[in-house]
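Asker: The numbering of the sequence shown is our numbering, which starts it at 10 and goes up by one.
There's a structure below that I have some questions on.
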Amino acid sequence: MLAIRGLRKTFGGRTVLDGFDLTVEAGEFVALLGPNGSGKSTALRCVVGLETPDGGSVSVDGNAAMVFQKIHLVGRRTALDNVCSGALGRLPLHRSVFFGQDVREEAVRCLDRVGLADRVLERCARLSGGQQQRVAIARALCQRANVILADEPVSALDPQAAVQVMELLVELANDGLAVVAVLHQPELARTYAHRIVEMGAFA
Ligand SMILES: Nc1ncnc2c1ncn2[C@@H]1O[C@H](COP(=O)(O)OP(=O)(O)OP(=O)(O)O)[C@@H](O)[C@H]1O
Ligand SMILES: [Mg+2]
Numbered sequence: 010m011l012a013i014r015g016l017r018k019t020f021g022g023r024t025v026l027d028g029f030d031l032t033v034e035a036g037e038f039v040a041l042l043g044p045n046g047s048g049k050s051t052a053l054r055c056v057v058g059l060e061t062p063d064g065g066s067v068s069v070d071g072n073a074a075m076v077f078q079k080i081h082l083v084g085r086r087t088a089l090d091n092v093c094s095g096a097l098g099r100l101p102l103h104r105s106v107f108f109g110q111d112v113r114e115e116a117v118r119c120l121d122r123v124g125l126a127d128r129v130l131e132r133c134a135r136l137s138g139g140q141q142q143r144v145a146i147a148r149a150l151c152q153r154a155n156v157i158l159a160d161e162p163v164s165a166l167d168p169q170a171a172v173q174v175m176e177l178l179v180e181l182a183n184d185g186l187a188v189v190a191v192l193h194q195p196e197l198a199r200t201y202a203h204r205i206v207e208m209g210a211f212a
C-alpha cells in the first residue's frame, strides 16, 4: 500500500503541493485526475524519489515503480532485455552485465502477465505503442513492485491500446497490487478505476 501524508512541494516559491494526502490500498486502482499543473506528476515523482518533497511523508509497503507516458525503453534491445533491467536494482554488479537464467525466467513470466509472451525476443522499437507500454509495466513487475505509479500511461495510445493498458492495470490491482494512474480521460477513470481522486488547481 501507498500512504502520502501532508505532502508539500514548492518550485521557486510557487506552491504546487500544499498538504496532499493519498492512500492507495493493496488491491486498489486509484485514478488521479486534475488540471494541467495541479501537481499530479510531482506527487508521483516524490514517491519514487525523482523529486524531494519540502514536507510531509511518503510510505510504501514494499517497492514502488513508475511507468510514464513517454515510455523509456531501449528500442534496439528486446522486450526481454528491457524487462530484465527491472531486476538491476537487486542484482550485485557482477551479475548485471549478463542477466542470469533466473532473472530471464522471471522477466518472461512478467511479459506473459502483460500478454506479450509471444513477443519476448522482439526489439522494442518494433512493438506498437500499446505493446511498449505493456513492456514498461512488465519491467515494473520485474522490479517486484507492490505499488505501480503510472503517469498518463495511455495518453499517447490509440483508444484500443488504451483500453488494453487500463484493463491490465485494473487486473494487477485485482491481483493485489496498489495502482495509481494519472489520467486525463475521466471516462476511462470512471470505467476502470476503483476510486477517483481529483486534484484541484492548488491541491
Ligand atoms: N522541476 C520543476 N521545476 C520547476 N517547476 C516545476 C518542476 N516540475 C514541475 N513544476 C511546476 O509545478 C507545477 C505542477 O507540475 P506537474 O507536472 O506536477 O503538474 P501535473 O498535474 O502533472 O500537470 P499535467 O497535467 O500538465 O501533466 C507546474 O506549474 C509545473 O510547471
Ligand atoms: Mg503531469
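No residue lacks a Cβ here, since even glycine has one placed at the ideal position from N, Cα and C.
Is it the case that the CB of LYS79 approaches a heavy atom of ligand 2 more closely than 7 Å?
Answerer: In the sequence shown, the residue the question calls residue 79 occupies position 70. LYS79 Cβ: outside cutoff for every heavy atom of ligand 2.
Asker: Confirm the yes/no value for this check: CB of THR61, any heavy atom of ligand 1, distance under 7 Å.
Answerer: Here the question's residue 61 lines up with position 52 in the sequence shown. Shortest gap from the CB of THR61 to any heavy atom of ligand 1: 7 Å or more.
Asker: So for ALA202, helix, strand or coil by DSSP?
Answerer: Numbered from 1 along the sequence shown, position 193 holds the residue referred to as residue 202. Here ALA202 sits in coil by DSSP.
Asker: Sorted by chain position, which residues of the same chain lie with C-beta nearer than 8 Å to THR200's C-beta, five sequence neighbours on each side aside?
Answerer: As a position in the sequence shown, residue 200 is number 191, starting the count at 1. For THR200, where only same-chain residues beyond five positions count, the Cβ hits under 8 Å are MET175.
Asker: Any heavy atom of ligand 2 closer than 7 Å to the CB of VAL129?
Answerer: Working through the sequence shown from its first residue, we reach residue 129 at position 120. False, no ligand heavy atom lies under 7 Å from that Cβ.
Asker: Straight-line CA distance for ALA198 to GLU161?
Answerer: Taking the sequence shown and counting its residues from 1, one reaches residue 198 at position 189. Taking the sequence shown and counting its residues from 1, one reaches residue 161 at position 152. So the two alpha carbons sit approximately 11 Å from each other.
Asker: Would you call the CB atoms of LEU41 and VAL189 closer than 8 Å?
Answerer: Here residue 41 is taken as the residue at index 32 of the sequence shown, counted from 1. Here residue 189 is taken as the residue at index 180 of the sequence shown, counted from 1. Closer than 8 Å, so yes.
Asker: I'd like to check one pair, VAL156 with ARG143: are the Cβ atoms closer than 8 Å?
Answerer: Reading the sequence shown from its first residue, position 134 is the one you call residue 143. Reading the sequence shown from its first residue, position 147 is the one you call residue 156. For ARG143 and VAL156, no; Cβs fall outside 8 Å.
Asker: When DSSP labels each residue in this structure, what does GLY139 get in the three-state scheme?
Answerer: Taking the first residue of the sequence shown as position 1, residue 139 is located at position 130. Judged by DSSP in its simplified three-state form, GLY139 adopts helix.
Asker: Have a look at the DSSP bridge pairing and note the partners of GLY64.
Answerer: Walking along the sequence shown from the start, residue 64 turns up at place 55. Answer is ARG17.
Asker: To the nearest angstrom, how far is it from the Cα of ALA116 to the Cα of GLN110?
Answerer: Translated into the one-based positions of the sequence shown, residue 116 becomes position 107. Translated into the one-based positions of the sequence shown, residue 110 becomes position 101. When rounded, the distance between both Cα atoms is 10 Å.
Asker: Terminal residues of the continuous alpha helix (DSSP H) containing ARG23?
Answerer: Residue 23 sits at position 14 when you count from the first residue of the sequence shown. From DSSP, ARG23 is part of no alpha helix (DSSP H) but of the beta strand (DSSP E) over 23–33.
Asker: Distance, Cα to Cα, GLY58 vs ALA126?
Answerer: For the purposes of this step, residue 58 is identified with residue 49 of the sequence shown, where counting begins at 1. For the purposes of this step, residue 126 is identified with residue 117 of the sequence shown, where counting begins at 1. Their Cα atoms are separated by approximately 31 Å.
Asker: Could you tell me the distance, in whole angstroms, from the CA atom of GLY48 to the CA atom of ALA154?
Answerer: As a first step, residue 48 must be located in the sequence shown, where it is residue number 39. As a first step, residue 154 must be located in the sequence shown, where it is residue number 145. Going by the C-alpha atoms only, they are around 23 Å apart.
Asker: Just to check, is the beta-carbon of ASP160 closer than 7 Å to a non-hydrogen atom of ligand 2?
Answerer: What you label residue 160 is simply residue 151 of the sequence shown in a count that begins at 1. It does: the Cβ of ASP160 is within 7 Å (strictly closer) of some heavy atom of ligand 2.
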